[in-house]
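Asker: Dumping the structure here so I can ask a few things about it.
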Amino acid sequence: MATRFRLRDHVYAHRGLWAKDTHPENSLEAILAAGGAGLGCELDVRPAACGTPVVFHDAKLDRMTDTSGLVAGLSAEEITSLPLKGGGTIPTLEQVLDAWTFDTPILIELKIDGETDAEGFTALCAELVERFQGKAAMMSFSRRALSAIPDDIMKGALILPSELSEDITLQALVSTSAALRPDYIGAHTSDAQAVVTNASDYGLPVAIYTVSNAEMAEQLSALPVAQIFEGFDPAFAGHAR
Numbered sequence: 530m531a532t533r534f535r536l537r538d539h540v541y542a543h544r545g546l547w548a549k550d551t552h553p554e555n556s557l558e559a560i561l562a563a564g565g566a567g568l569g570c571e572l573d574v575r576p577a578a579c580g581t582p583v584v585f586h587d588a589k590l591d592r593m594t595d596t597s598g599l600v601a602g603l604s605a606e607e608i609t610s611l612p613l614k615g616g617g618t619i620p621t622l623e624q625v626l627d628a629w630t631f632d633t634p635i636l637i638e639l640k641i642d643g644e645t646d647a648e649g650f651t652a653l654c655a656e657l658v659e660r661f662q663g664k665a666a667m668m669s670f671s672r673r674a675l676s677a678i679p680d681d682i683m684k685g686a687l688i689l690p691s692e693l694s695e696d697i698t699l700q701a702l703v704s705t706s707a708a709l710r711p712d713y714i715g716a717h718t719s720d721a722q723a724v725v726t727n728a729s730d731y732g733l734p735v736a737i738y739t740v741s742n743a744e745m746a747e748q749l750s751a752l753p754v755a756q757i758f759e760g761f762d763p764a765f766a767g768h769a770r
């Protein structure tokens, strides 16, 4: 069974500790590089045509590989055999959990879109996480997915930037997320201060995505948040607390 952890004890490499020309985002190599550097790791999973959770952010293969089409259009075996642009391996979630031997946590974001069966895919991922012996949490923007995560697994409710949510306030976004009884809230850097204020009403810690430079990391270090960062030296990312 995956173990729970204190969110703010770690900083998290967004899609792994990646480098475009050697081990791209969400590659197995980037993910393991994060653990090897003593960092937590955030990664994305979505279903292949066979339903197997594969580690890939986009719905389409085009940006990260030389193949066109949807991730959901190929089997896991076909997807994991594709070379990533710049090198590196596309893993399944099971392969990542089998390879993760570090004492730092993994944040697993469930990508739910198109015709994805939110409940069914969440159940498949949860089965793998329940067998995992390290620190892990599942999280999603999808409320259906969040509701399907078993109570014994740590979970995070992700919310979109408030500037993209014209018909609902940030306070309401946090409130409706808190109603799902998550272990933490994940919010955009632009909402950091306000989310901390609102989430504290529910006793929920906050993770902030995506911290993209050292200056931003320094500014956020004054807030009680866990930073999910990318694109700069992790030595400058938010300090563990």
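All letters in the sequence shown, in the order written, are residues 530 to 770 by the working numbering. Note that beta-carbon positions come from the ideal geometry of N, C-alpha and C, so glycine has one too.
Where do the N-terminal and C-terminal ends of the alpha helix (DSSP H) with residue 758 fall, by residue?
Answerer: Per DSSP, residue 758 belongs to no alpha helix (DSSP H); it is in the beta strand (DSSP E), 754-758.
Asker: Could you please give me the residues that DSSP links to residue 636 through a beta bridge?
Answerer: DSSP, once it has assigned bridges, lists 571, 666 as partnering residue 636.
Asker: Helix, strand or coil: how does DSSP classify residue 770 here?
Answerer: Summary for residue 770: the model assigns pLDDT 41, below 50, so the residue's position carries little reliability, and this model does not support an answer.
Asker: Measure from the alpha carbon of residue 735 to the alpha carbon of each residue in 720, 744, 594, then state which is nearest.
Answerer: Checked all of 720, 744, 594; the closest Cα to residue 735 is 720.
Asker: Taking the alpha helix (DSSP H) that residue 726 falls in, what are its first and last residues?
Answerer: Taken as a continuous stretch (DSSP letters only), the alpha helix (DSSP H) holding residue 726 covers 721-729.
Asker: How close, in whole Å, do the beta carbons of residue 655 and residue 678 come, if the pair is a contact with beta carbons under 8 Å?
Answerer: Residue 655 to residue 678, Cβ: 6 Å. Contact.
Asker: I need the DSSP call for residue 751, collapsed to helix, strand or coil.
Answerer: Looking at residue 751 - three-state DSSP - the assignment turns out to be coil, as it is neither helix nor strand.
Asker: Can you tell me the Cα-Cα spacing of residue 722 and residue 714, whole angstroms?
Answerer: Cα-Cα distance, rounded: 13 Å.
Asker: Taking only the alpha-carbon atoms, compute the straight-line gap between residue 744 and residue 760 and give it to the nearest angstrom.
Answerer: Each residue's alpha carbon lies about 12 Å from the other.
Asker: Which term fits residue 530, buried or exposed, when burial requires 16 or more other beta carbons within 10 angstroms of its beta carbon?
Answerer: Exposed, since its Cβ has fewer than 16 Cβ neighbours within 10 Å.
Asker: In this structure, does DSSP put residue 613 in helix, strand or coil?
Answerer: Residue 613 falls in the strand class under three-state DSSP.
Asker: Taking C-beta to C-beta, are residue 577 and residue 546 nearer than 8 Å?
Answerer: No, Cβ-Cβ distance for residue 577 and residue 546 is not below 8 Å.
Asker: Look at residue 619 and residue 574 and say whether their C-beta atoms are less than 8 Å apart.
Answerer: Contact flag unset, no.
Asker: Rounded to the nearest angstrom, what separates residue 685 and residue 551 at their Cα positions?
Answerer: Straight-line Cα distance between these residues: approximately 30 Å.
Asker: In its own chain, which residues sit with a C-beta less than 6 Å from the C-beta of residue 664, not counting the 5 before and 5 after it?
Answerer: For residue 664, where only same-chain residues beyond five positions count, the Cβ hits under 6 Å are 532, 534, 634.
Asker: Residue 658 to residue 589, Cα distance in whole Å?
Answerer: Each residue's alpha carbon lies about 25 Å from the other.
Asker: What does the alpha-carbon distance come out to for the pair residue 600 and residue 570?
Answerer: In a straight line, the C-alpha of residue 600 is about 22 Å away from that of residue 570.
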